[in-house]
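Trainee: So that we are looking at the same thing, I have put the structure below in structure tokens.
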Amino acid sequence: MSGAELVLRDVVGAWPDSQAFLFEGGPLADALREAGLTIRLAAPGADLSGLRRDVSPLHALPVLGRLARLAWDLAGAARGCDVVYANSQKAFLLAALPTRLVGRPLVWHLHDILDGAHFGRAQRIIQARLANACAVRVVVPSRAAAEAFVQAGGRRDRVTVVPNGLDLTLDPRPAAELRAELGLPVGPLVGVFSRLAPWKGQDVVIEALAAVPGLRCVVVGSALFGEDAYAATLRDLAAARGVSDRVLFLGQRSDVPRLMQAVDAVVHPSVDPEPFGRTLVEAMLAGVPVVATDAGASSEILDGGALGTLVPPRRPDRIAAALSEILDRPEAFAERTRLARERALARYGAARMQDDLAALIHQVAARA
Ligand code: UDP
């Protein structure tokens with residue numbers, strides 16, 4: 064599941080009587096069913112794989128017929144609900160008109176950052192205008208994402224910031240024992256935990272490794288949205304820099320928190336602004352030192368750098384320096400890491416997120 068899907072899974076724990084309309088089956092459908100929701104799947108054949116955020120209008124034409132069918136289904140599903148909650152851009156764009164047609168209020172949980180690094184100008188404007196016209200509330204996970212929405216033309220008075228929240232159960236065993244169980248090497252070891260995509264910046268960490276002799280790195284995650292070519296270039300890059308034996312590609316994992324607890328530091332190297340970054344909060348909760356690029360929400364989450372080292376994007380030298388410092392003097396970072404965990408527990412728990420969203424949805428329902 065993507066980060067936005069994991070957020071939805073955690074959010075709906077508090078909505079057992081709801082209905083989920085999904086475009087396809089899979090792990091998300093299973094998770095929502097397990098949470099007690101009634102699942103309604105789009106009609107078979109409503110394959111939206113041609114609809115990516117970067118698709119040109121011309122290439123989207125063949126899917127228009129299927130879109131019309133979907134819109135019809137969505138309108139039917141929305142009619143039976145008090146509030147419709149769209150958890151992705153695709154969901155919002157597809158639900159905007161059908162929900163309007165049947166007169167149901169639409170809340171858009173915008174998990175992306177609507178800025179120039181991620182979207183073309185026309186896409187930003189269309190999304191912001193459609194939100195102004197069709198969404199009664201737009202939920203974003205950070206001030207950075209709120210600002211980007213407003214800059215794109217979205218109405219400030221429609222936006223509510225609800226930071227993502229998650230719970231993590233710590234494994235009580237020491238890192239060395241976890242490493243042995245996970246088959247990870249002894250010695251200096253850091254980790255990157257994100258789907259593989261150019262803007263997530265795994266390549267920058269591989270470059271950084273070349274500057275820190277003896278340091279190994281686990282690269283956890285896979286290409287979830289078709290970025291397979293990038294995934295392949297990471298291996299080539301590691302070979303070209305002579306660090307192949309120090310980069311361990313672990314693929315997609317379901318035990319990220321335990322892996323985080325087993326490493327000496329977590330690097331969050333995104334080269335473009337992050338709308339939030341669940342992995343940052345997971346690292347804080349895991350009690351591991353964090354090095355993150357100062358783009359998007361990282362600074363909000365890490366309290367301006369007080370709770371983790373912030374470095375400029377695309378600067379392997381700065382990542383290398385930050386990691387060397389942490390590895391050379393781990394005791395100097397212990398207090399910061401403890402405070403980071405405290406802050407994550409206080410601000411980024413799942414219950415707080417559920418409560419905030421439940422309150423918002425009840426408010427919307429009451430006004431409808
Ligand atoms: N994740 C995972 N397995 C992996 C890689 C990542 O479960 O192999 C999880 C990670 O722990 C985090 C989420 O995927 O909870 C990614 O969320 P984030 O907000 O960091 O990034 P997004 O992918 O939404 O841009």
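When we follow this note's numbering, the leftmost residue of the sequence shown carries the number 64, and every step to the right adds one.
Just so it is clear, CB atoms sit at the ideal spot from N, CA and C, and this is done for glycine as well.
1. Does the distance between the C-beta of Val361 and the nearest non-hydrogen atom of ligand 1 fall short of 7 angstroms?
2. Mapping the DSSP letters down to three states, classify His425 as helix, strand or coil.
3. Find the nearest neighbour of Tyr411 within the set Leu300, Ser65, Val224 and Gln190, judged by alpha-carbon distance.
4. Between which residues of its own chain and Ala238 is the CB-CB distance below 7 angstroms, once the five residues before and five after are set aside?
5. Sorted by chain position, which residues of the same chain lie with C-beta nearer than 6 angstroms to Val70's C-beta, five sequence neighbours on each side aside?
6. Just tell me which of Gly250, Pro338, Cys197 and Asp234 has its CA closest to the CA of Phe182.
7. Using 10 angstroms around the beta-carbon of Trp171, count the other beta-carbons present and answer buried if the total reaches 16, otherwise exposed.
8. From Gly66 to Val319, what does the alpha carbon distance come to, in whole angstroms?
9. Measuring CB to CB, does Ala211 end up less than 8 angstroms from Ile189?
10. Evaluate Pro168 with the Cβ neighbour count: other Cβ atoms within 10 Å of its Cβ, from every protein chain shown; 16 or more gives buried, anything less gives exposed.
11. With C-beta atoms as the reference, is Val306 less than 8 angstroms away from Ile364?
12. Which runs of the alpha helix (DSSP H) fall wholly inside the segment 233 to 271 and span at least 4 residues, in chain order?
13. Run the proximity test for Arg200: is its beta-carbon closer than 7 angstroms to any non-hydrogen atom belonging to ligand 1?
14. Hey, quick one: how far does the alpha helix (DSSP H) through Val70 stretch, first residue to last?
15. For Val249, which option in Leu231, Val267, Cys280 and Pro235 has the closest C-alpha, if you only look at C-alpha atoms?
16. When every heavy atom of ligand 1 is checked, does at least one fall within less than 7 angstroms of the C-beta of Gln315?
17. Under three-state DSSP, which class holds Gly128?
18. With a threshold of 6 angstroms on Cβ separation, who are the neighbours of Ala140 within its own chain once the five nearest residues in sequence on each side are excluded?
19. Pairs of beta-carbons, one from the segment 282 to 301 and one from the segment 257 to 269, closer than 8 angstroms: are there three or more?
20. Do Val344 and Gly264 have their beta-carbon atoms positioned less than 8 angstroms apart in this structure?
21. Where Val201 and Pro276 are concerned, what is the direct C-alpha to C-alpha distance, given to the nearest angstrom?
22. Consider the C-beta atom of Asp67 and the heavy atoms of ligand 1; say whether any pair is separated by less than 7 angstroms.
23. Once DSSP output is grouped into helix, strand and coil, what is the label at Glu337?
Mentor: Short version:
1. Note that residue 361 is Ser in the sequence shown here, rather than Val. No, since every heavy atom of ligand 1 falls outside the 7 angstroms radius drawn around the Cβ of Ser361.
2. helix
3. Val224
4. Gln324 and Ala325
5. Asn227
6. Pro338
7. buried
8. 12 angstroms
9. no
10. buried
11. Cβ distance not < 8 angstroms, so Val306 and Ile364 don't count as in contact.
12. 238 to 245
13. no
14. Gly66 to Val74
15. Cys280
16. yes
17. Here Gly128 sits in helix by DSSP.
18. Answer for Ala140: Phe84 and Arg103, listed in chain order.
19. yes
20. No, the pair does not count as a contact, with Cβ atoms beyond the cut-off.
21. 47 angstroms
22. Checking the displayed sequence, the identity of residue 67 turns out to be Ala instead of Asp. Result yes, Cβ under 7 angstroms from ligand 1.
23. The three-state secondary structure of Glu337, taken from DSSP, is strand.
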